[in-house]
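Trainee: Take this structure first; my questions come after.
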Amino acid sequence: MLLSSAELDALWLTVALATVTTIILLLLGTPLAWWLARTRNKWPALIEAAVAMPLILPPTVLGFYLLLMFAPDTALGRAWQQFTGTQLAFSFSALVIGSVIYSLPFVVQPLQGAFQRVPDGLLQAAASLGAKPLDQFVSVVLPMTRSSFVTAASLGFAHTVGEFGVVLMIGGNIPGETQVLSIALYDYVESLQFEEAHRLAAGLVVFSALLLIWLYRNDRRESWRMRA
Amino acid sequence: MTGLHLELACSGEGDFKLELNTQLPDRGVTAIYGPSGSGKSTLLDCIAGFRQPDVGSKLRFREEAWFGHGRATPPWLRNVGYVFQDARLFPHLTVEQNLEYAAKRATRGTAPSLDDVMHWLDITRLKCHAPASLSGGERQRVAIGRALLSAPQLLLLDEPVANLDRRARQQCLGYLQALVAELALPTLYVSHDIEEVSQLADYVLLLDEGRATDQGSLLELCSQLDNRLSQQEQAAAILLCTVGRQDAEFGLTELLVEEQTLQVAQQRQNEGQQRRLRVPARDVSVCRERPADTSILNILPVELVEIEPGADTRVMIRLALGSQYLLARITRKSVSQLQLKVGDRLYAQIKSAALMRSAHEDED
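Here the protein sequences come in this chain order: U and E.
Residue 8 is where the first sequence starts when you use this note's numbering, and the numbers rise one by one after that.
Residue 30 is where the second sequence starts when you use this note's numbering, and the numbers rise one by one after that.
Written out as structure tokens, the structure is:
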């Protein structure tokens, strides 16, 4: 057996967290990116700055504030307890919320850029042909920005797999609930189990390299097609 | 019958403001003619719903209120076909898919069939092509077809041939001319090219710096002396003619106008068809006697009905030919030497070059 059962749990948890986070990010990030790309009032700068914060803040800062917010004695923590009957802090749900915030810029920024490159004139043409706004988005914007959705989803997924600081702060280290691969690796190193640490570290390196190679090839093909 | 009812104010860049209070006809082609920056495209965008006019404006098409009393109908409910200067085909769809895009969303009225439209515009062989691989003229033809397939109740054309070379332009205009006549679709045609306007329009709205300076039927406006159409260098009158006999030996076609005959370069049209002939004022001169032994083919008996007042070197005069009119731009000195006055019976000579060229362009 290549991986121990604890490691398999960590792998499964990591994939589940990244998948759920990516889906939520696409659902939230698409309308947000569309609004940022299209609106003409002065608020976007503020929202854009907020979305981009995780790019420069140390993850532990974000994790620290989230931990305070998730505590059982806060309004959010109490409401969560009431509705779900479980504690929010140190749970899988807390990881998802943290990851969504932490990876938001990686999804919103490529989508916003792609949406800005769709000419207004094409949407006017669609509108004059009878397409309502949602129809315009689905029939013109989506197909024209498909590759940016692939990029955004991959970056969101990969960045969630790679996070450590936020998870450590708000998730703790509960096997099967919040112990993701990066945390498991940290554990091994702390307890001087270097052989196991090597295995996980190398696995993550290979995964990241493969994903990035695929992404850049995808991007390159796309730009060739645009030029053609 | 009124089609468009406009009480518009629309502030644009800087201190530009479009202010219009008028009605446009419910049928035929209405040209909106004016120099760049006169507000032509702003007007079209207000009508299509892409731009909101100032509060207090009113916009109505037939019985439908499109703007006013605090309400604006969104563009997708106005059922207006829009052909843009830059075509704006969807780059991710083929020609056929672009056309289907419109046909699928045509909810009101009856659209022509996809096959008919492709046939009329001669784009059937392009149907699997991507828009990026088309020439400018082909792209515009697809854009026209796409607009028609949305079954519009009003067609807006924003300088649709301005970006094309001369040959493609003539071809595209030919298709447009045939289509708007065939479909009886009220059409607004924005242009700053008088040749296009005189070829297509029935009715003209003259715009300048956001205001209407004049409007009326094309033939009326073209033969008046006191509007901008007649004041520019390429001013011309338009004659409605019937195509007559072909003269194959000399490569000429006879055009009948008010019981007179004009000879122009050979035409494609068949005998008996109606045709517009644009006669530039600078190519018309007058004499008191019918000249003999001249190389000029076209000499018409006319009556002088108006002399433009003014002290310029050259003046415009208006000549009646039956119920139609010709314009001639001649020097003030000639007016004085010939002692021209209203009511004189004269002979108008039309330089052949003018008629040979305009007829030749149609052959393209």
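For glycine and all other residues, C-beta sits at the position ideal for the given N, C-alpha and C.
Do residue 32/E and residue 49/E have their beta-carbon atoms positioned less than 7 Å apart in this structure?
Mentor: No, they are not a contact pair.
Trainee: Kindly identify the DSSP beta-bridge partner or partners of residue 246/E.
Mentor: Note: residue 246/E sits in a beta bridge opposite 232/E.
Trainee: Are the beta-carbon atoms of residue 32/U and residue 120/U separated by less than 7 Å?
Mentor: No; because the gap between Cβ atoms is not below 7 Å, this pair is not in contact.
Trainee: Taking Cβ positions only, does residue 349/E come closer than 7 Å to chain U?
Mentor: Not closer than 7 Å to any Cβ of chain U, the Cβ of residue 349/E fails to qualify, so no.
Trainee: So who's on the other strand from residue 309/E, going by DSSP bridges?
Mentor: Answer by DSSP bridge pairing, in chain order: 265/E.
Trainee: Along the alpha helix (DSSP H) that carries residue 54/E, what are the first and last residues, could you check?
Mentor: Counting along the chain, residue 54/E falls outside any alpha helix (DSSP H), though it belongs to the beta strand (DSSP E) covering 46-54.
Trainee: Expressed to the nearest angstrom, what Euclidean distance is found between the alpha-carbon atoms of residue 4/U and residue 82/U?
Mentor: The displayed coordinates of chain U run from 8 to 235. Any statement about residue 4/U would go beyond what the structure contains.
Trainee: For residue 219/E, count neighbouring C-beta atoms within 10 Å of its own C-beta (all shown protein chains included) and say buried if the count is 16 or more, exposed if not.
Mentor: Result: buried.
Trainee: What do you get for residue 232/E, buried or exposed, if any count of 16 or more other CB atoms within 10 angstroms of its CB means buried?
Mentor: The residue is buried, with at least 16 neighbouring Cβ atoms inside 10 Å.
Trainee: Roughly how many whole angstroms lie between the Cα atoms of residue 200/E and residue 125/E?
Mentor: Using only the alpha carbons, I get a separation of about 21 Å.
Trainee: Between which two residues does the alpha helix (DSSP H) containing residue 252/U stretch?
Mentor: Outside the modelled stretch of chain U, which goes from 8 to 235, sits residue 252/U, for which no answer is possible.
Trainee: Could you please tell me which residues of the stretch 106-129 of chain U, in chain order, have their CB closer than 7 Å to any CB of chain E?
Mentor: So the close ones are 128, 129.
Trainee: Can you pull the chain E residues whose beta carbon is under 7 Å from the beta carbon of residue 147/U, in chain order?
Mentor: Those within 7 Å of residue 147/U in chain E are 119.
Trainee: Here's the rule I'm using: 16 or more other beta-carbon atoms within 10 Å means buried, otherwise exposed. How should residue 219/U be labelled?
Mentor: It counts as exposed.
Trainee: Assign residue 104/U to one of two classes, buried (16 or more other C-beta atoms within 10 Å of its C-beta) or exposed (fewer than that).
Mentor: Label assigned to residue 104/U: buried.
Trainee: Roughly how many angstroms separate the alpha carbons of residue 350/E and residue 328/E, rounded to a whole number?
Mentor: Looking at the two C-alpha atoms, the distance is approximately 11 Å.
Trainee: Determine the extent of the alpha helix (DSSP H) in which residue 61/U is found, giving its start and end residues.
Mentor: That run of the alpha helix (DSSP H) goes 51-63.
Trainee: Determine the chain U residues that contact residue 111/E at a beta-carbon separation under 8 Å, and present them in chain order.
Mentor: Those within 8 Å of residue 111/E in chain U are 131, 132, 135.
Trainee: Listed in chain order, which residues of the stretch 65-83 of chain E have Cβ atoms closer than 9 Å to some Cβ of chain U?
Mentor: Hits within the stretch, in order: 74, 77, 78, 79.
Trainee: Grouping DSSP H, G and I as helix and E and B as strand, with all else coil, what is residue 330/E?
Mentor: Three-state DSSP puts residue 330/E in a strand.
Trainee: Report the CB separation of residue 192/U from residue 207/U in whole angstroms; it is logged as a contact under 8 Å.
Mentor: The Cβ separation is near 4 Å, so the contact holds.
Trainee: Measuring only between beta-carbons, confirm whether residue 131/E sits less than 7 Å from chain U.
Mentor: So, interface residue.
Trainee: Pop quiz: residue 87/E and residue 236/E are said to be a contact at Cβ under 8 Å. What is the actual Cβ separation, rounded to whole angstroms?
Mentor: Incorrect: roughly 19 Å between the Cβ atoms, too far for contact.
Trainee: Let's test the definition: count the other Cβ atoms within 10 Å of the Cβ of residue 229/E and tell me whether it reaches 16, buried, or not, exposed.
Mentor: Counting Cβ neighbours within 10 Å, residue 229/E comes out buried, since at least 16 surround it.
Trainee: Does the stretch 168-178 of chain E come close enough to the stretch 108-127 of chain E that 3 or more CB-CB pairs lie under 8 Å?
Mentor: Verdict: yes, contact present.
Trainee: Any chance you could list the alpha helix (DSSP H) runs of at least 4 consecutive residues sitting entirely within the stretch 145-188 of chain U, in chain order?
Mentor: Listed in chain order, they are 153-168, 172-178.
Trainee: When the cut-off is 7 Å and only beta carbons count, does residue 154/U lie next to chain E?
Mentor: So no, residue 154/U is outside the interface.
Trainee: Comparing alpha-carbon positions, which option in 239/E, 145/E, 313/E, 111/E lies nearest residue 29/E?
Mentor: In this structure chain E extends from 30 to 393, so residue 29/E is not present and cannot be described.
Trainee: To which residues of the same chain is residue 295/E closer than 7 Å at the C-beta, ignoring the five residues directly before and after it?
Mentor: These residues qualify, in order along the chain: 275, 280, 281, 282.
Trainee: Ordered along the chain, which non-local residues of its own chain (more than five positions away) have a Cβ less than 6 Å from that of residue 186/E?
Mentor: For residue 186/E, where only same-chain residues beyond five positions count, the Cβ hits under 6 Å are 112, 218.
Trainee: My output table needs one value for residue 194/U: the three-state DSSP class, helix, strand or coil.
Mentor: Reduced to three states, the DSSP call for residue 194/U is helix.
Trainee: Taking the CB atoms as reference points, tell me whether residue 102/U and residue 169/U lie closer together than 7 Å.
Mentor: Taking 7 Å as the Cβ cut-off, residue 102/U and residue 169/U do not qualify as a contacting pair.
Trainee: Does the beta-carbon distance from residue 347/E to residue 250/E come in below 7 Å?
Mentor: No, the Cβ-Cβ distance between residue 347/E and residue 250/E is not below 7 Å.
Trainee: Given this structure, state the Cα-to-Cα distance separating residue 8/U from residue 67/U, to the nearest angstrom.
Mentor: Residue placement at residue 8/U cannot be trusted, given a pLDDT of 48 that sits under 50; the coordinates are not used to answer.
Trainee: Taking the DSSP output, what are the residues bridged to residue 188/E?
Mentor: DSSP, once it has assigned bridges, lists no residue as partnering residue 188/E.
Trainee: Which residue comes first and which comes last in the alpha helix (DSSP H) that contains residue 105/E?
Mentor: Residue 105/E -> no alpha helix (DSSP H), and no H or E assigned at all.
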